[in-house]
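Just so you know, we're using this note's numbering here: the sequence shown kicks off at 484 and counts up by one.
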Amino acid sequence: MNYFDDLIGQSHVVERLNSAGKAANSGEESQEMTHAWIFTGPPGSGRSSAAVAFAAALVSSALPHPDVEVMKNEGLSIKVDEVRELLARVSWAPSVAQWRVVVMEDADRLTESAANALLKAIEEPGVRTVWLLCAPTLHDILPTIRSRCRHIQLRTPSNREVAEYLETKNGVAPKMAQFAARVSQGHIGRARHIAMDEAIRNRRNTILNLPMQLTNIAGAYSAAATLVDLANEEADAISEKLDEKEQEELAQAWGKGATGRGIASGGAKALKELEKEQKSRSTRIVRDTLDNALLDLATFYRDALFVLEGQELINQDLEKEIKQYAQNTAPEKTVKKLGVIMSARDDLSRNSAPLLTMEALMCQLAS
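Okay, structure coming up:
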(Lines of atoms letter the chains of each structure in order from A and count residues from 1; the text may use other names and numbers.)
(Lines give C-alpha, C1' and ligand atoms only; values in the text may rest on other atoms or scores of the structure.)
Protein backbone atom coordinates (compact mmCIF):
# COMPACT_ATOMS: atom_id res chain seq x y z
CA MET A 1 0.00 0.00 0.00
CA ASN A 2 1.27 3.47 -0.91
CA TYR A 3 0.37 5.67 2.05
CA PHE A 4 1.61 8.87 0.41
CA ASP A 5 -0.64 8.98 -2.68
CA ASP A 6 -2.37 12.18 -1.54
CA LEU A 7 0.85 14.15 -1.08
CA ILE A 8 1.12 16.42 -4.09
CA GLY A 9 4.45 17.78 -5.31
CA GLN A 10 6.37 16.46 -2.29
CA SER A 11 8.56 13.72 -3.78
CA HIS A 12 11.50 14.80 -1.58
CA VAL A 13 9.34 14.33 1.53
CA VAL A 14 7.84 11.02 0.40
CA GLU A 15 11.27 9.55 -0.24
CA ARG A 16 12.51 10.55 3.19
CA LEU A 17 9.43 9.31 5.04
CA ASN A 18 9.37 6.04 3.14
CA SER A 19 12.96 5.40 4.17
CA ALA A 20 12.19 6.27 7.79
CA GLY A 21 9.10 4.03 7.82
CA LYS A 22 11.01 1.06 6.43
CA ALA A 23 13.79 1.59 8.96
CA ALA A 24 11.28 1.89 11.80
CA ASN A 25 9.52 -1.34 10.94
CA SER A 26 12.66 -3.34 10.19
CA GLY A 27 13.55 -3.63 13.86
CA GLU A 28 17.12 -2.51 13.19
CA GLU A 29 18.83 0.53 14.69
CA SER A 30 18.91 3.35 12.13
CA GLN A 31 19.59 7.09 11.98
CA GLU A 32 16.69 7.46 9.53
CA MET A 33 14.09 7.08 12.29
CA THR A 34 13.54 9.17 15.42
CA HIS A 35 10.80 9.55 18.02
CA ALA A 36 9.71 13.14 17.26
CA TRP A 37 9.11 15.00 13.99
CA ILE A 38 7.90 18.46 12.99
CA PHE A 39 6.12 18.92 9.65
CA THR A 40 6.10 22.51 8.39
CA GLY A 41 5.02 24.14 5.18
CA PRO A 42 2.80 26.86 3.69
CA PRO A 43 -0.98 26.59 4.16
CA GLY A 44 -2.38 23.91 1.87
CA SER A 45 0.96 22.22 1.24
CA GLY A 46 -0.26 19.09 3.00
CA ARG A 47 1.74 19.06 6.22
CA SER A 48 -1.07 17.35 8.18
CA SER A 49 -1.65 14.91 5.33
CA ALA A 50 2.06 14.05 5.37
CA ALA A 51 2.02 13.43 9.12
CA VAL A 52 -1.12 11.28 8.95
CA ALA A 53 0.28 9.30 6.01
CA PHE A 54 3.54 8.72 7.91
CA ALA A 55 1.53 7.53 10.92
CA ALA A 56 -0.30 5.04 8.72
CA ALA A 57 3.01 3.83 7.28
CA LEU A 58 4.45 3.32 10.78
CA VAL A 59 1.53 1.12 11.86
CA SER A 60 1.27 -0.51 8.41
CA SER A 61 -2.44 0.13 8.20
CA ALA A 62 -5.02 2.58 6.94
CA LEU A 63 -6.47 4.89 9.58
CA PRO A 64 -8.27 4.97 11.96
CA HIS A 65 -6.08 2.60 13.98
CA PRO A 66 -6.05 1.88 17.75
CA ASP A 67 -2.37 2.84 18.02
CA VAL A 68 -2.69 6.17 16.20
CA GLU A 69 -4.02 9.28 17.92
CA VAL A 70 -4.78 12.25 15.67
CA MET A 71 -5.32 15.44 17.67
CA LYS A 72 -7.28 18.03 15.69
CA ASN A 73 -7.82 21.37 17.35
CA GLU A 74 -10.95 23.26 16.29
CA GLY A 75 -10.61 26.06 18.85
CA LEU A 76 -8.32 29.04 19.14
CA SER A 77 -5.66 27.25 21.22
CA ILE A 78 -4.58 23.90 22.64
CA LYS A 79 -4.72 24.11 26.43
CA VAL A 80 -2.64 22.29 29.02
CA ASP A 81 -5.57 20.15 30.20
CA GLU A 82 -6.05 18.86 26.65
CA VAL A 83 -2.36 17.91 26.43
CA ARG A 84 -2.46 16.18 29.80
CA GLU A 85 -5.50 14.15 28.74
CA LEU A 86 -3.69 13.25 25.52
CA LEU A 87 -0.58 12.16 27.42
CA ALA A 88 -2.70 9.93 29.67
CA ARG A 89 -4.31 8.28 26.63
CA VAL A 90 -1.04 7.55 24.84
CA SER A 91 1.07 6.53 27.83
CA TRP A 92 0.54 2.80 27.22
CA ALA A 93 2.61 0.65 24.89
CA PRO A 94 1.11 0.01 21.43
CA SER A 95 -1.62 -2.62 21.44
CA VAL A 96 -1.38 -3.98 17.89
CA ALA A 97 1.34 -2.27 15.88
CA GLN A 98 5.03 -1.77 16.58
CA TRP A 99 4.49 1.92 17.33
CA ARG A 100 2.06 4.20 19.10
CA VAL A 101 1.87 7.36 16.98
CA VAL A 102 0.51 10.77 17.98
CA VAL A 103 -0.28 13.35 15.30
CA MET A 104 -0.86 16.92 16.52
CA GLU A 105 -2.20 18.90 13.57
CA ASP A 106 -2.00 22.41 15.06
CA ALA A 107 1.04 22.38 17.31
CA ASP A 108 1.46 26.12 16.68
CA ARG A 109 -1.70 26.67 18.77
CA LEU A 110 -0.22 25.22 21.96
CA THR A 111 -0.38 27.58 24.93
CA GLU A 112 2.89 28.04 26.80
CA SER A 113 1.85 25.70 29.62
CA ALA A 114 0.57 23.12 27.13
CA ALA A 115 3.85 23.29 25.20
CA ASN A 116 5.81 22.73 28.40
CA ALA A 117 3.68 19.68 29.25
CA LEU A 118 4.32 18.30 25.77
CA LEU A 119 8.05 19.03 26.06
CA LYS A 120 8.34 16.70 29.04
CA ALA A 121 6.78 13.86 27.03
CA ILE A 122 9.10 14.45 24.08
CA GLU A 123 12.13 14.67 26.38
CA GLU A 124 11.19 11.36 27.99
CA PRO A 125 9.35 9.45 25.23
CA GLY A 126 7.78 6.04 25.57
CA VAL A 127 9.90 3.26 24.12
CA ARG A 128 7.58 2.79 21.13
CA THR A 129 5.94 6.23 20.90
CA VAL A 130 6.39 8.59 17.93
CA TRP A 131 5.29 12.26 17.98
CA LEU A 132 4.36 14.01 14.71
CA LEU A 133 3.79 17.75 15.15
CA CYS A 134 2.46 20.06 12.43
CA ALA A 135 2.93 23.84 12.21
CA PRO A 136 3.33 26.53 9.53
CA THR A 137 6.99 27.21 10.44
CA LEU A 138 9.60 26.04 12.92
CA HIS A 139 9.36 29.39 14.69
CA ASP A 140 5.76 28.55 15.63
CA ILE A 141 7.07 25.79 17.92
CA LEU A 142 8.74 26.22 21.31
CA PRO A 143 12.55 26.19 20.71
CA THR A 144 13.10 23.47 23.31
CA ILE A 145 10.60 21.24 21.49
CA ARG A 146 11.87 21.84 17.97
CA SER A 147 15.45 21.17 19.05
CA ARG A 148 14.38 17.62 19.93
CA CYS A 149 12.52 16.93 16.69
CA ARG A 150 13.50 16.08 13.14
CA HIS A 151 12.24 18.63 10.63
CA ILE A 152 10.26 17.89 7.45
CA GLN A 153 9.70 20.93 5.21
CA LEU A 154 6.92 20.77 2.61
CA ARG A 155 6.61 23.16 -0.33
CA THR A 156 3.70 24.71 -2.20
CA PRO A 157 2.72 22.43 -5.09
CA SER A 158 2.70 23.88 -8.59
CA ASN A 159 -0.57 24.82 -10.30
CA ARG A 160 -0.05 21.96 -12.75
CA GLU A 161 0.37 19.42 -9.94
CA VAL A 162 -2.75 20.64 -8.14
CA ALA A 163 -4.82 20.66 -11.34
CA GLU A 164 -3.74 17.11 -12.21
CA TYR A 165 -4.64 15.96 -8.70
CA LEU A 166 -8.14 17.49 -8.94
CA GLU A 167 -8.70 15.83 -12.30
CA THR A 168 -7.49 12.36 -11.31
CA LYS A 169 -8.67 12.18 -7.67
CA ASN A 170 -11.85 14.27 -7.74
CA GLY A 171 -12.97 14.00 -11.36
CA VAL A 172 -12.88 17.78 -11.88
CA ALA A 173 -13.07 18.96 -15.49
CA PRO A 174 -9.67 20.21 -16.79
CA LYS A 175 -10.72 23.85 -17.24
CA MET A 176 -12.21 24.08 -13.75
CA ALA A 177 -9.23 22.24 -12.27
CA GLN A 178 -6.81 24.72 -13.84
CA PHE A 179 -8.90 27.67 -12.62
CA ALA A 180 -9.11 26.33 -9.05
CA ALA A 181 -5.39 25.53 -8.93
CA ARG A 182 -4.46 29.01 -10.16
CA VAL A 183 -6.71 31.05 -7.87
CA SER A 184 -5.94 28.89 -4.80
CA GLN A 185 -2.21 29.49 -5.39
CA GLY A 186 -1.28 25.89 -4.72
CA HIS A 187 -3.49 25.37 -1.64
CA ILE A 188 -4.83 21.87 -2.29
CA GLY A 189 -7.74 22.01 0.15
CA ARG A 190 -8.97 25.39 -1.08
CA ALA A 191 -8.54 24.33 -4.69
CA ARG A 192 -10.77 21.31 -4.08
CA HIS A 193 -13.46 23.44 -2.40
CA ILE A 194 -13.37 26.08 -5.12
CA ALA A 195 -13.60 23.47 -7.87
CA MET A 196 -16.46 21.54 -6.29
CA ASP A 197 -18.59 24.17 -4.53
CA GLU A 198 -20.31 26.93 -6.48
CA ALA A 199 -21.23 28.79 -3.28
CA ILE A 200 -17.53 29.15 -2.45
CA ARG A 201 -16.82 30.46 -5.95
CA ASN A 202 -19.64 33.01 -5.60
CA ARG A 203 -18.33 34.12 -2.19
CA ARG A 204 -14.87 34.55 -3.66
CA ASN A 205 -16.28 36.69 -6.49
CA THR A 206 -17.97 38.93 -3.92
CA ILE A 207 -14.67 39.41 -2.09
CA LEU A 208 -12.70 40.18 -5.25
CA ASN A 209 -15.18 42.85 -6.28
CA LEU A 210 -14.71 44.77 -3.03
CA PRO A 211 -11.67 46.81 -4.19
CA MET A 212 -13.89 48.50 -6.80
CA GLN A 213 -16.21 49.65 -4.00
CA LEU A 214 -13.47 51.28 -1.93
CA THR A 215 -13.97 54.78 -3.28
CA ASN A 216 -14.89 56.46 0.03
CA ILE A 217 -15.23 55.82 3.77
CA ALA A 218 -18.84 54.65 3.45
CA GLY A 219 -17.75 52.07 0.89
CA ALA A 220 -14.96 50.96 3.22
CA TYR A 221 -17.31 50.32 6.14
CA SER A 222 -19.74 48.52 3.84
CA ALA A 223 -16.94 46.28 2.52
CA ALA A 224 -15.82 45.47 6.09
CA ALA A 225 -19.37 44.50 7.04
CA THR A 226 -19.63 42.31 3.95
CA LEU A 227 -16.47 40.38 4.87
CA VAL A 228 -17.55 39.83 8.48
CA ASP A 229 -21.08 38.84 7.44
CA LEU A 230 -19.68 36.25 5.02
CA ALA A 231 -17.44 34.84 7.76
CA ASN A 232 -20.31 34.69 10.27
CA GLU A 233 -22.54 32.95 7.73
CA GLU A 234 -19.83 30.34 7.17
CA ALA A 235 -19.41 29.78 10.92
CA ASP A 236 -23.17 29.54 11.44
CA ALA A 237 -23.55 27.02 8.62
CA ILE A 238 -20.83 24.76 10.02
CA SER A 239 -21.97 25.16 13.63
CA GLU A 240 -25.56 24.36 12.72
CA LYS A 241 -24.43 21.00 11.34
CA LEU A 242 -22.25 20.10 14.32
CA ASP A 243 -23.44 21.78 17.54
CA GLU A 244 -26.85 20.20 18.05
CA LYS A 245 -25.60 16.71 17.18
CA GLU A 246 -22.65 17.03 19.59
CA GLN A 247 -24.85 18.30 22.40
CA GLU A 248 -27.37 15.51 21.92
CA GLU A 249 -24.65 12.84 21.84
CA LEU A 250 -23.07 14.22 25.02
CA ALA A 251 -26.43 14.39 26.80
CA GLN A 252 -27.14 10.77 25.90
CA ALA A 253 -23.70 9.76 27.13
CA TRP A 254 -24.65 11.32 30.48
CA GLY A 255 -27.84 9.28 30.64
CA LYS A 256 -30.45 11.54 29.06
CA GLY A 257 -33.51 9.47 28.22
CA ALA A 258 -32.19 6.33 29.87
CA THR A 259 -34.22 6.72 33.07
CA GLY A 260 -36.68 9.37 32.02
CA ARG A 261 -35.08 11.85 34.42
CA GLY A 262 -32.68 13.78 32.21
CA ILE A 263 -28.89 13.80 32.42
CA ALA A 264 -26.89 12.48 35.37
CA SER A 265 -25.05 14.61 37.91
CA GLY A 266 -22.08 16.30 36.26
CA GLY A 267 -23.70 16.27 32.84
CA ALA A 268 -24.74 19.91 33.01
CA LYS A 269 -21.15 20.95 33.61
CA ALA A 270 -19.98 18.80 30.70
CA LEU A 271 -22.59 20.42 28.44
CA LYS A 272 -21.39 23.89 29.48
CA GLU A 273 -17.83 22.91 28.66
CA LEU A 274 -18.98 21.62 25.26
CA GLU A 275 -20.83 24.86 24.55
CA LYS A 276 -17.66 26.78 25.44
CA GLU A 277 -15.64 24.63 23.02
CA GLN A 278 -18.26 25.10 20.31
CA LYS A 279 -18.14 28.88 20.75
CA SER A 280 -14.36 28.76 20.46
CA ARG A 281 -14.66 26.68 17.28
CA SER A 282 -17.12 29.17 15.79
CA THR A 283 -14.75 32.05 16.61
CA ARG A 284 -11.90 30.22 14.92
CA ILE A 285 -14.02 29.53 11.81
CA VAL A 286 -14.79 33.26 11.58
CA ARG A 287 -11.10 34.17 11.86
CA ASP A 288 -9.98 31.46 9.43
CA THR A 289 -12.65 32.47 6.91
CA LEU A 290 -11.59 36.12 7.16
CA ASP A 291 -7.95 35.11 6.74
CA ASN A 292 -8.83 33.23 3.54
CA ALA A 293 -10.83 36.24 2.36
CA LEU A 294 -7.82 38.51 2.88
CA LEU A 295 -5.63 36.10 0.92
CA ASP A 296 -8.14 36.29 -1.94
CA LEU A 297 -8.26 40.07 -1.66
CA ALA A 298 -4.47 40.25 -1.81
CA THR A 299 -4.49 38.46 -5.17
CA PHE A 300 -6.33 41.45 -6.69
CA TYR A 301 -3.53 43.82 -5.71
CA ARG A 302 -0.83 41.33 -6.70
CA ASP A 303 -2.45 41.08 -10.11
CA ALA A 304 -2.29 44.86 -10.42
CA LEU A 305 1.49 44.56 -10.08
CA PHE A 306 1.59 41.55 -12.43
CA VAL A 307 -0.19 43.59 -15.12
CA LEU A 308 2.56 46.18 -15.06
CA GLU A 309 5.21 43.46 -15.41
CA GLY A 310 3.36 41.55 -18.13
CA GLN A 311 2.96 38.43 -15.97
CA GLU A 312 0.05 35.98 -16.04
CA LEU A 313 -2.81 37.06 -13.79
CA ILE A 314 -4.21 34.98 -10.97
CA ASN A 315 -7.71 36.43 -11.48
CA GLN A 316 -7.94 36.33 -15.25
CA ASP A 317 -11.73 36.79 -15.15
CA LEU A 318 -11.17 40.28 -13.64
CA GLU A 319 -8.51 41.39 -16.12
CA LYS A 320 -10.46 44.50 -17.21
CA GLU A 321 -11.06 45.72 -13.64
CA ILE A 322 -7.48 44.98 -12.57
CA LYS A 323 -6.00 46.85 -15.54
CA GLN A 324 -8.22 49.84 -14.81
CA TYR A 325 -7.09 49.89 -11.18
CA ALA A 326 -3.42 49.52 -12.16
CA GLN A 327 -3.64 52.43 -14.61
CA ASN A 328 -4.98 54.72 -11.89
CA THR A 329 -2.80 53.64 -8.96
CA ALA A 330 0.93 53.99 -8.41
CA PRO A 331 2.72 50.65 -7.86
CA GLU A 332 4.16 51.93 -4.57
CA LYS A 333 0.64 52.48 -3.26
CA THR A 334 -0.41 48.98 -4.29
CA VAL A 335 2.58 47.49 -2.47
CA LYS A 336 1.55 49.40 0.67
CA LYS A 337 -1.97 48.01 0.36
CA LEU A 338 -0.59 44.49 0.22
CA GLY A 339 1.36 45.31 3.36
CA VAL A 340 -1.69 46.46 5.32
CA ILE A 341 -3.58 43.32 4.28
CA MET A 342 -0.77 41.16 5.68
CA SER A 343 -0.76 43.27 8.86
CA ALA A 344 -4.49 42.71 9.25
CA ARG A 345 -3.91 38.96 8.97
CA ASP A 346 -1.35 39.22 11.77
CA ASP A 347 -3.82 41.17 13.89
CA LEU A 348 -6.49 38.51 13.40
CA SER A 349 -4.03 35.80 14.42
CA ARG A 350 -3.53 37.72 17.68
CA ASN A 351 -7.27 37.67 18.39
CA SER A 352 -8.10 41.24 17.45
CA ALA A 353 -11.81 42.05 17.04
CA PRO A 354 -12.79 40.94 13.50
CA LEU A 355 -15.12 43.83 12.62
CA LEU A 356 -12.79 46.53 13.96
CA THR A 357 -9.84 44.92 12.16
CA MET A 358 -11.74 44.78 8.87
CA GLU A 359 -13.00 48.34 9.21
CA ALA A 360 -9.49 49.66 9.87
CA LEU A 361 -8.15 47.67 6.93
CA MET A 362 -10.81 48.77 4.46
CA CYS A 363 -10.36 52.41 5.42
CA GLN A 364 -6.63 52.07 4.72
CA LEU A 365 -7.31 50.39 1.37
CA ALA A 366 -9.77 53.14 0.46
CA SER A 367 -7.39 55.99 1.31
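Here a beta-carbon is modelled for each residue, glycine too, at the ideal position from N, C-alpha and C.
C-beta contact flag for residue i and residue j at 7 Å
i, j, result
"T627", "L602", "yes"
"A534", "C632", "no"
"I425", "A519", "Here the chain covers residues 484 to 850 and nothing more, so residue 425 does not appear."
"T817", "I797", "no"
"I690", "D779", "yes"
"A538", "V586", "yes"
"G609", "R764", "no"
"L637", "V496", "yes"
"A590", "V566", "no"
"R583", "R611", "yes"
"T651", "E717", "no"
"A664", "N688", "no"
"K759", "Y784", "no"
"C846", "A703", "yes"
"S560", "T594", "yes"
"S532", "D489", "yes"
"R770", "L713", "no"
"K555", "E588", "yes"
Candidates the options, of which the one nearest residue i by Cα
i, options, result
"I768", "N834, K819, E729", "N834"
"Q514", "P526, T817, R499", "R499"
"D550", "Q668, S705, A580, N599", "A580"
"L801", "N715, L693, W575", "L693"
"N715", "Q696, A703, N699, R686", "R686"
"E727", "L713, G510, L754, D712", "L754"
"S528", "A674, M825, N688", "A674"
"K505", "S494, Y486, Q493", "Y486"
"A545", "M484, S509, E588", "M484"
"E647", "H634, G669, S630", "G669"
"Q807", "L788, V823, M825", "L788"
"L697", "L844, A660, R530", "L844"
"E568", "H634, E552, P577, R592", "E552"
"S543", "S722, K752, P526, S509", "S509"
Bridge-paired residues (DSSP) for residue i
i, result
"Q514", "DSSP output for Q514 lists no bridge partner at all."
"A618", "T523"
"V585", "E552, W614"
"Q636", "T523"
"L593", "I561"
Rounded Cβ spacing between residue i and residue j (contact assumed at less than 8 Å)
i, j, result
"I851", "V666", "Absent from the structure is residue 851, since the part of the chain shown begins at 484 and ends at 850."
"A503", "M516", "5 Å"
"A734", "L777", "Between L777 and A734 the Cβ distance is about 38 Å, and since that is not below 8 Å, they are no contact."
"V563", "A597", "4 Å"
"L649", "F522", "23 Å between Cβ atoms; not a contact."
"A707", "E842", "4 Å"
Environment of residue i [buried if 16+ CB atoms lie within 10 Å]
i, result
"I491", "buried"
"N653", "exposed"
"N811", "exposed"
"P640", "buried"
"P837", "buried"
"L710", "buried"
"S574", "exposed"
"A660", "buried"
"P547", "exposed"
"E732", "exposed"
"Q839", "Sequence inspection shows Leu at residue 839; the Gln mentioned does not correspond to that position. Looking at its Cβ environment, which holds fewer than 16 other Cβ atoms inside 10 Å, L839 is exposed."
"P814", "exposed"
"N699", "exposed"
"G524", "buried"
"M825", "exposed"
"Q799", "exposed"
"L725", "exposed"
"Q794", "exposed"
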